[in-house]
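Enquirer:
In structure tokens form, the structure reads like this:
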């Protein structure tokens, strides 16, 4: 397949024009997305009139925000979007963003607009599994890449970039949901002797629209004929890749399962093979020939039988632990969800109460403004107005106490549940390790028996060779043992020490990793709860501050019925 060798100068001119257009706009100072920018954008996009005023008085609950428009903000870098976990639409077009970053937590996102920026590479989109529309129009992207994981992507606009190669277009075959693609304005689309629209129609069978024009049947059939050879090559390569990925996924899943069971490299003969690795003493002893080989085969079978016992034990205990972990996480989630729902209902009821009492207060203040200052009627109305404020403050304080009490109760309940879970999982782990250590003791015993039998074999072999006056047949590395039994015993002891140390190392590794597993899991649970608890406290206090600010500004808020 041919590729375009030169970037069309007109594309560079287009980018200069776009850059000039963006720089001429009255933008704020270049900066990074922060909390203030997010909050301001949210308030700007609210409803109009009285509804807008009320909208701006309410506390900003970031978890509720689903749409965020940050266009023409002169943004250089993306950040702080972790505050918007439920965002479904994000518009960052017409800025100065160079890198796609810090959006991996926006897993609910369905629409992302990054058009008219300075992005050079498609990256960091792998976690946006619900993304349906992606616009990267008018950037500086050189290649189509890193889009295969977007399984729900329907519309991809990547026109007016610097793409000058067909490489990467075929990767969109993995995006089965893709229906609309735009590549206009790229150097590859301007190559006079290469019909990009036909190529796309041929290799992307799932596509319905190219450059927003419906791909008719006759056009696709003609394209399939023209690019028949290229399509076959792509299909063959894709089939091989799919098979390779499936094999790799199976192997990875199995490796992770075994690692989580602490029995990795125990499913076959790996432990036995490791006993002999770099064992020079054992290698010399095995030179006596077939008797040693037969003994080693028995040794291998005995070791394999015990490692299989450890392996099966590990998988069985993993199943028990995994079920315990799932139950704990499920119960924890349900408890948090129940209390969160309770708190949310209380807040919504309080906001309704707030609107009612604020309306009463506004009406009372309008009466105050109509009275002459200092009169008995004026003083009476002011006192009634202050009384309404006091009632609201008392209700707000009661609300704060309820929310904090619920949160404290939840936090303590989670800590207690985590301690109980730690105790339970530690018991399961101790039971598994104890049973496995019995098998490791038997492995050491087998190693000792093998060493004793090998001593007898070597001694008998040397005596037989000497009796037959065939000392020249003795391997050179064994000849020092002929007249010195201590040398034989040193070789045997060296072999035994090497083998038992390898068994000890594997046992220690299992014990250490089982403890690390518990410590890591519990620390992760505790840290996650601490972060959640702190965030909730901050949210409650922020709500209080917003309510108090609304109360303080009550007399400055016109009633626009």
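Numbering (this note's numbering), first residue to last: 642 to 1202. Using N, Cα and C, we set each Cβ at its ideal position, and we do this for glycine too. On a predicted model such as this, the values are computed, not experimentally measured, just so you know.
1. Which same chain residues end up closer than 6 angstroms to residue 732 when comparing Cβ atoms and leaving out the 5 residues on each side of it in sequence?
2. Using 10 angstroms around the beta-carbon of residue 723, count the other beta-carbons present and answer buried if the total reaches 16, otherwise exposed.
3. So the candidates are 1074, 981, 1073, 681; which of them puts its Cα closest to the Cα of residue 1046?
4. Helix, strand or coil for residue 855? Go by DSSP, reduced to three states.
5. From the DSSP output, which residues share a beta bridge with residue 861?
6. Got a sec, what are the start and stop residues for the alpha helix (DSSP H) residue 1049 sits in?
7. If distances are taken between C-alpha atoms only, which option among 785, 742, 780, 759 comes closest to residue 766?
8. Spatial neighbours of residue 1130 within its chain, please: C-beta separation below 8 angstroms, excluding the five flanking residues on both sides.
9. Would the region 902-914 count as touching the region 1119-1129 if we require 3 or more Cβ pairs under 8 angstroms?
10. Quick one: measure Cβ to Cβ for residue 1098 and residue 929, integer angstroms, because I've assumed they're closer than 8 angstroms.
11. Pull up the distance between the alpha-carbon of residue 1154 and that of residue 903, whole angstroms please.
12. Mind checking which residues open and close the beta strand (DSSP E) that includes residue 1196?
13. Do you know how far the Cα of residue 739 is from the Cα of residue 783?
14. So residue 718 is in the beta strand (DSSP E); what residue range does that whole segment cover?
15. Roughly how many angstroms separate the alpha carbons of residue 718 and residue 776, rounded to a whole number?
16. Under 8 angstroms between the Cβ atoms of residue 973 and residue 1058?
17. Based on Cα-Cα distance, which residue from 1119, 1018, 1187, 876 lies nearest to residue 921?
18. Hey, out of 785, 940, 720, 831, whose CA is closest to residue 799's CA?
19. For the region 783-813, which segments carrying the beta strand (DSSP E) assignment without a break, of at least 3 residues, lie completely within its bounds, in sequence order?
20. Considering only the beta carbon of each residue, do residue 1141 and residue 1082 sit closer than 8 angstroms?
21. Please go through the same chain and pick out, in chain order, the residues whose beta-carbon is closer than 6 angstroms to the beta-carbon of residue 631, but skip the five residues on each side of it.
22. Which residue wins for smallest C-alpha separation from residue 1185, given the options 1034, 1136, 1100?
23. Do the CB positions of residue 795 and residue 814 come within less than 8 angstroms of each other?
24. Tell me the rounded alpha-carbon separation between residue 1102 and residue 923.
25. Quick check on residue 1116: buried or exposed, where buried means 16 or more other Cβ atoms within 10 Å of its Cβ?
26. Taking 6 angstroms as the limit between beta carbons, can you name the residues of its chain near residue 841, skipping five residues before and five after?
27. Specify the secondary structure class of residue 776 as computed by DSSP and reduced to three states.
28. The beta strand (DSSP E) with residue 730 in it runs from where to where?
29. I need the boundaries of the beta strand (DSSP E) containing residue 727, first residue and last residue.
30. Is it the case that the Cβ atoms of residue 1069 and residue 965 are separated by a distance below 8 angstroms?
31. Thinking residue 1002 and residue 1030 are a contact (beta carbons under 8 angstroms), I'd like their distance in whole angstroms, please.
32. Do residue 951 and residue 1071 count as a contact pair if the criterion is CB distance below 8 angstroms?
33. From which residue to which residue does the alpha helix (DSSP H) around residue 872 run?
34. Let me know the secondary structure DSSP gives residue 759 once reduced to three states.
35. Could you check if residue 734 is buried or exposed, using at least 16 other CB atoms within 10 Å of its CB as the buried criterion?
36. Can you list, in chain order, the residues of its chain with a C-beta nearer than 7 angstroms to that of residue 901? Leave out the 5 residues immediately preceding and following it.
Expert: Let me lay it out:
1. To locate residue 732, count along the chain shown from 1; it is residue 91. So the list reads 710, 712, 754, once near-sequence residues are dropped.
2. Locating residue 723 in the chain shown gives position 82, where the first residue counts as 1. The residue is exposed, with fewer than 16 neighbouring Cβ atoms inside 10 Å.
3. Here residue 1046 is taken as the residue at index 405 of the chain shown, counted from 1. Nearest of 1074, 981, 1073, 681 to residue 1046, Cα basis: 981.
4. If you number the chain shown from 1, residue 855 lands on position 214. Looking at residue 855 - three-state DSSP - the assignment turns out to be strand.
5. As a working mapping, residue 861 is identified with position 220 in the chain shown. None; residue 861 has no bridge partner.
6. As a position in the chain shown, residue 1049 is number 408, starting the count at 1. Its alpha helix (DSSP H) spans residues 1017-1108.
7. In the chain shown, counting from the first residue as 1, residue 766 sits at position 125. Ranking the options by Cα distance to residue 766, first place goes to 742.
8. One-based indexing of the chain shown puts residue 1130 at position 489. Contacts found: 1096.
9. no
10. Position 457 of the chain shown, counted from the first residue, corresponds to residue 1098. Position 288 of the chain shown, counted from the first residue, corresponds to residue 929. Correct: roughly 6 angstroms between the Cβ atoms.
11. As a first step, residue 1154 is located in the chain shown; it is residue number 513 there, counting from the start. As a first step, residue 903 is located in the chain shown; it is residue number 262 there, counting from the start. When rounded, the distance between both Cα atoms is 7 angstroms.
12. By 1-based counting over the chain shown, the position of residue 1196 is 555. Looking at the DSSP string, residue 1196 is not in any beta strand (DSSP E), and its letter there is neither H nor E.
13. Against the chain shown, residue 783 aligns to sequence position 142. Against the chain shown, residue 739 aligns to sequence position 98. Spanning the two alpha carbons is a distance of roughly 13 angstroms.
14. Translated into the one-based positions of the chain shown, residue 718 becomes position 77. Here the beta strand (DSSP E) through residue 718 covers 716-718.
15. As a working mapping, residue 718 is identified with position 77 in the chain shown. As a working mapping, residue 776 is identified with position 135 in the chain shown. Rounded to whole angstroms, residue 718 to residue 776 spans 18 angstroms at the Cα level.
16. Counting from 1 along the chain shown, the entry for residue 973 is found at position 332. Counting from 1 along the chain shown, the entry for residue 1058 is found at position 417. Yes; because the gap between Cβ atoms is below 8 angstroms, this pair is in contact.
17. As a working note, residue 921 is residue 280 in the chain shown. The candidate whose alpha carbon is nearest that of residue 921 is 1119.
18. Sequence index remark: in the chain shown, residue 799 carries index 158 (1-based). Out of 785, 940, 720, 831, 785 has the C-alpha closest to the C-alpha of residue 799.
19. 796-798
20. By 1-based counting over the chain shown, the position of residue 1141 is 500. By 1-based counting over the chain shown, the position of residue 1082 is 441. No. Outside cutoff.
21. Because the chain here runs from 642 to 1202, residue 631 falls outside it and cannot be looked at.
22. In the chain shown, the residue the question calls residue 1185 occupies position 544. Among 1034, 1136, 1100, the Cα nearest to that of residue 1185 belongs to 1034.
23. Walking along the chain shown from the start, residue 795 turns up at place 154. Walking along the chain shown from the start, residue 814 turns up at place 173. Cβ distance not < 8 angstroms, so residue 795 and residue 814 don't count as in contact.
24. Numbered from 1 along the chain shown, position 461 holds the residue referred to as residue 1102. Numbered from 1 along the chain shown, position 282 holds the residue referred to as residue 923. Looking at the two C-alpha atoms, the distance is approximately 16 angstroms.
25. Counting from 1 along the chain shown, the entry for residue 1116 is found at position 475. Looking at its Cβ environment, which holds fewer than 16 other Cβ atoms inside 10 Å, residue 1116 is exposed.
26. Numbered from its first residue, the chain shown carries residue 841 at position 200. 851, listed in sequence order.
27. Here the question's residue 776 lines up with position 135 in the chain shown. Strand, per DSSP.
28. Numbered from 1 along the chain shown, position 89 holds the residue referred to as residue 730. Run containing residue 730: 730-732, per the beta strand (DSSP E) assignment.
29. The residue you call residue 727 lines up with position 86 of the chain shown. Looking at the DSSP string, residue 727 is not in any beta strand (DSSP E), and its letter there is neither H nor E.
30. As a first step, residue 1069 is located in the chain shown; it is residue number 428 there, counting from the start. As a first step, residue 965 is located in the chain shown; it is residue number 324 there, counting from the start. Yes, these two residues count as a Cβ contact at 8 angstroms.
31. Here residue 1002 refers to the residue found at position 361 when the chain shown is read from its first residue. Here residue 1030 refers to the residue found at position 389 when the chain shown is read from its first residue. With a Cβ gap of about 7 angstroms, residue 1002 and residue 1030 count as contacting.
32. Start at 1 with the first residue of the chain shown, and residue 1071 comes out as number 430. Start at 1 with the first residue of the chain shown, and residue 951 comes out as number 310. No, the pair does not count as a contact, with Cβ atoms beyond the cut-off.
33. The residue given as residue 872 occupies position 231 in the chain shown. Residue 872 -> alpha helix (DSSP H) spans 869-902.
34. What you label residue 759 is simply residue 118 of the chain shown in a count that begins at 1. Three-state DSSP puts residue 759 in coil, outside helix and strand.
35. Walking along the chain shown from the start, residue 734 turns up at place 93. That one is buried.
36. Along the chain shown, read from residue 1 onward, the residue named residue 901 stands at position 260. If we look at residue 901 and ignore the five residues flanking it on each side, its Cβ neighbours are 959.
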